[in-house]
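Asks:
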Amino acid sequence: MQKLNFKNRKGFTLIEVLCSISVFIILFTLAFNVQLNTLKIKKYNEKMKNYTYIMEYVKNNIIYDIRYEDLMNLSCNGMKYVKLEDALKAENENKDILNLFSDKNPGREYIEINIEKGEALKIDLKLYANIYGTYKGEECEFYKGKFER
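Add 574 to the 1-based position in the sequence shown for this note's numbering, that's all there is to it.
Given below as structure tokens:
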């Protein structure tokens, strides 16, 4: 066997420097990707939270501020679409949500209301929004009227 002589070794070789730089670059790239994905998830969650607040605002207005007869009129007239932009403005300015309903589909981001008539109205709210290239929807179902549970 041949003995290794460490006394003659004066410093790092070029290969050792390149290997250490490569390991550092790989670790830095992984950390950067994790941070970038964390920011994307944070933005996505923030947008979904805002949409959930808008949906909750519309639902609470329907439950507490809109009369049974007004809902029946909306259903009979085919007024079942609310633009998300308009709902957001109404939420910030505390406007009446009844005036936001339209019979035309706004196309991009909107809330659709479906009303099933009966002793108690079964109301189904569906929110459609484009979130980072994916068209997603949220649903909320509740009842309005005089009924017993």
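Ideal Cβ placement from N, Cα and C applies to all residues, glycine included. Note that this is a predicted model, so its numbers are computed, not measured.
DSSP state of Asp698, grouped into three classes?
Replies: Stepping through the sequence shown from its first residue, residue 698 is reached at position 124. In this structure, Asp698 counts as strand in the three-state DSSP scheme.
Asks: The beta strand (DSSP E) that contains Tyr709, what's its start and end?
Replies: As a working mapping, residue 709 is identified with position 135 in the sequence shown. Where Tyr709 is concerned, the enclosing beta strand (DSSP E) stretches over Thr708 to Gly719.
Asks: Mind checking which residues open and close the beta strand (DSSP E) that includes Asn688?
Replies: Within the sequence shown, numbered from 1, the residue matching residue 688 stands at position 114. Taken as a continuous stretch (DSSP letters only), the beta strand (DSSP E) holding Asn688 covers Tyr684 to Glu690.
Asks: Considering Cα atoms alone, identify which of Ile671, Tyr702, Lys669 and Leu592 is closest to Gly681.
Replies: In the sequence shown, the residue the question calls residue 681 occupies position 107. Of the listed residues, the one whose Cα sits closest to Gly681 is Tyr702.
Asks: Given a cut-off of 8 Å on the beta-carbon distance, is the pair Glu693 and Met629 in contact?
Replies: Locating residue 693 in the sequence shown gives position 119, counting from the first residue. Locating residue 629 in the sequence shown gives position 55, counting from the first residue. No; because the gap between Cβ atoms is not below 8 Å, this pair is not in contact.
Asks: Use the C-beta contact count for Lys654: other C-beta atoms within 10 angstroms, 16 or more gives buried, fewer gives exposed.
Replies: As a first step, residue 654 is located in the sequence shown; it is residue number 80 there, counting from the start. Buried, because 16 or more other Cβ atoms sit within 10 Å of the Cβ of Lys654.
Asks: For Leu699, does the count of other Cβ atoms within 10 angstroms reach 16, so buried, or fall short, so exposed?
Replies: On the sequence shown, residue 699 is found 125 positions in, with the first residue counted as 1. Classification of Leu699: buried, given that the 10 Å Cβ count is 16 or more.
Asks: Measure the C-alpha to C-alpha separation of Ile595 and Val608 and round it to an integer number of angstroms.
Replies: For this step, residue 595 is matched to residue 21 along the sequence shown. For this step, residue 608 is matched to residue 34 along the sequence shown. Each residue's Cα considered, the two are about 20 Å apart.
Asks: Can you name, in chain order, every residue of its own chain whose Cβ lies under 8 Å from the Cβ of Thr626, other than the five neighbours on each side?
Replies: In the sequence shown, counting from the first residue as 1, residue 626 sits at position 52. Correct list, in chain order: Glu712.
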